[in-house]
Amino acid sequence: MRVLITGGAGFIGSYLSEAYIERGDEVWVIDDLSTGSLDNVQSLLHHARFHFVNDTVLNREALLELTGTCDVIVHLAAAVGVRLIIEDPLKSIHTNVVGTELVLELANKFRKKTFIASTSEVYGRNSKVPLHEDDLRIYGSTVLARWSYAATKAMDEFLALAYFRTKRLPVVIARLFNTVGPRQTGRYGMVVPRFVSQALRNDPITVYGDGTQTRTFTYVGDVVRGIMALVDEPRATGEIFNIGGEEEITINELAARVKAVAASSSPIEHIPYSEAYQEGFEDMERRVPDIGKIKRLVGYRNTYDLDAILAKVVEYERTR
Ligand code: UDP
32 MRVLITGGAG
42 FIGSYLSEAY
52 IERGDEVWVI
62 DDLSTGSLDN
72 VQSLLHHARF
82 HFVNDTVLNR
92 EALLELTGTC
102 DVIVHLAAAV
112 GVRLIIEDPL
122 KSIHTNVVGT
132 ELVLELANKF
142 RKKTFIASTS
152 EVYGRNSKVP
162 LHEDDLRIYG
172 STVLARWSYA
182 ATKAMDEFLA
192 LAYFRTKRLP
202 VVIARLFNTV
212 GPRQTGRYGM
222 VVPRFVSQAL
232 RNDPITVYGD
242 GTQTRTFTYV
252 GDVVRGIMAL
262 VDEPRATGEI
272 FNIGGEEEIT
282 INELAARVKA
292 VAASSSPIEH
302 IPYSEAYQEG
312 FEDMERRVPD
322 IGKIKRLVGY
332 RNTYDLDAIL
342 AKVVEYERTR
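Every number in the working numbering is 31 more than the matching position in the sequence shown, counting from 1.
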């Protein structure tokens, strides 16, 4: 199979590229290296079945040629990370809305099956446990830039479903919950790489808010298997799936676990959201996915628990 991965030099994209190459597929990556990096795909660059194009998904010409070449498209390219969204909302909105619209328009032109990566952010402040694919989206004011991410990703989903319903374009959508593993950078706010590097330097571990907010973390390798299974499964077409972990943990507990796994002497510090992000910042209190739908359809399962993931991230950050 010939696979086009947009954002294929990013954290998740690079693992996905490796997995398709290992399976014997041919991979084209388009990535503008804004948050991705060549280091992520270093081991693939000289592989005969791997092709890298350094460009943005906003470049119609580049995307047109690649879309025509490939059998399926996995669209991961997006502005990611709460910090990035708050710091550069305009660029984030543009990439996430216009980029996805272009991907879908060209996918439709060539009638190529398209996977759209969405996010648990789409549920917004809905703290129901667990979150089911049909649950409500609850957002704060447009004055707060953070909600633009949820809104743009929701628009991507609407667009993809509209292409499916009106043009019969085969699309499949997955909402990824906090995905973690080696190679993820803490530069755009992601908590696990930030805590791990703070712990390894014995610097304060910075817990935002009171630390009682919870998340479920998923190993990137599991997410990648989930994406590939959904792309391969014809019955997934036109559907939305949660992909995420099953172990709910508070950020306070995460800080303690990271500290223990890294054998660190870091103090744990609490920082108000207004200092960490912006005045009036609103966080999700709990975020736990119902993954019954993807389990039933493609037999998805998580193979790494949190301690195993943290051990891998600690080992990676230590050798960097
Ligand atoms: N967080 C934190 N300290 C950090 C970075 C993040 O306490 O240095 C918190 C953040 O406020 C959120 C959780 O960790 O409650 C997960 O943040 P992340 O940005 O990784 O993902 P999110 O779930 O917000 O998309």
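For each residue, glycine too, the CB sits at the ideal point set by N, CA and C.
Distances from the CB of Tyr239 to the heavy atoms of the ligand UDP include at least one below 7 Å. Contact between the stretch 330-340 and the stretch 171-184 is absent: fewer than 3 CB-CB pairs across the two stretches fall below 8 Å. For the beta strand (DSSP E) assignment, the uninterrupted runs of no fewer than 3 residues enclosed by the stretch 221-304 are, from N- to C-terminal side, 236-239, 245-247, 271-274, 279-281, 299-302. Judged by their CB atoms, Gly242 and Ile282 are nearer to each other than the 8 Å cut-off.
When DSSP assignments are scanned along the stretch 44-119, the uninterrupted stretches of alpha helix (DSSP H) that are 4 or more residues long and fall wholly within it turn out to be 91-100, 113-118. Under the three-state reduction of DSSP, Leu35 is assigned to strand. With the rule of 3 Cβ pairs closer than 8 Å, the stretch 187-195 does not count as touching the stretch 244-254.
Residue environment: Phe141 is assigned as exposed (fewer than 16 neighbouring CB atoms within 10 Å of its CB, all protein chains considered). Short of 6 Å from the beta carbon of Tyr239, and not among the five residues preceding or following it, lie these beta carbons of its own chain, in chain order: Ile302, Tyr304, Ala307. Shown here, Gly323 sits in a helix according to DSSP, grouped into three states. Taking the C-beta atoms as reference points, Asp62 is found no nearer than 8 Å to Ala110.
Excluding the 5 residues flanking it on each side, Arg317 has same chain C-beta neighbours closer than 6 Å at Ser158, Val160, Thr245, in chain order. Cβ-Cβ distances below 8 Å link Tyr219 to Thr66, Val111, Gly112, Val113, Arg114, Leu115 in the same chain, with the five nearest sequence neighbours on each side left out; the list follows chain order. Of all C-beta pairs linking the stretch 199-211 to the stretch 251-262, three or more are shorter than 8 Å, placing the two stretches in contact. No Cβ-Cβ contact shorter than 8 Å links Leu35 with Ile147. Taking 8 Å as the cut-off, the Cβ atoms of Ser297 and Pro235 count as close. The closest CA to that of Leu231, considering only Glu346, Arg199, Arg91, is found on Glu346. Less than 8 Å separates the beta-carbon of Cys101 from that of Arg33.
The beta carbon of Phe42 is closer than 6 Å to those of Arg214, Gln215 in its chain, skipping five residues each way along the sequence. Within the chosen limit of 7 Å, the ligand UDP reaches the beta carbon of Gly220 through at least one heavy atom.
Excluding the 5 residues flanking it on each side, Leu75 has same chain C-beta neighbours closer than 7 Å at Ser48, Glu49, Ile52, Phe81, in chain order.
In its chain, beyond the 5 residues on either side, Ile43, Thr249, Val251, Val254 have a beta carbon closer than 7 Å to the beta carbon of Thr210. Taking C-alpha positions only, Asp56 is separated from Glu310 by approximately 47 Å.
Membership of Phe146 in the beta strand (DSSP E) is indicated by the continuous run 144-150.
Contact between Val289 and Ala342 is absent: CB atoms are separated by about 10 Å, not below the 8 Å threshold. Gly155 carries a strand assignment under DSSP once its states are collapsed to helix, strand and coil. Per DSSP, Ile169 lies in no alpha helix (DSSP H) and is assigned neither H nor E. Between the alpha carbons of Ile322 and Ser45 lies a distance of about 24 Å. At least one heavy atom of the ligand UDP lies closer than 7 Å to the C-beta of Ile282.
The three-state reading of DSSP puts Val202 in strand, counting E and B together. Shown here, Thr197 sits in a helix according to DSSP, grouped into three states. Taking a C-beta distance under 8 Å as the contact criterion, Ala93 and Val72 do not qualify as a contact pair. Distances taken from the Cβ of Asn273 to the heavy atoms of the ligand UDP include none shorter than 7 Å. Distance from the CA of Ala267 to the CA of Thr183, rounded to the nearest whole angstrom, comes to 23 Å.
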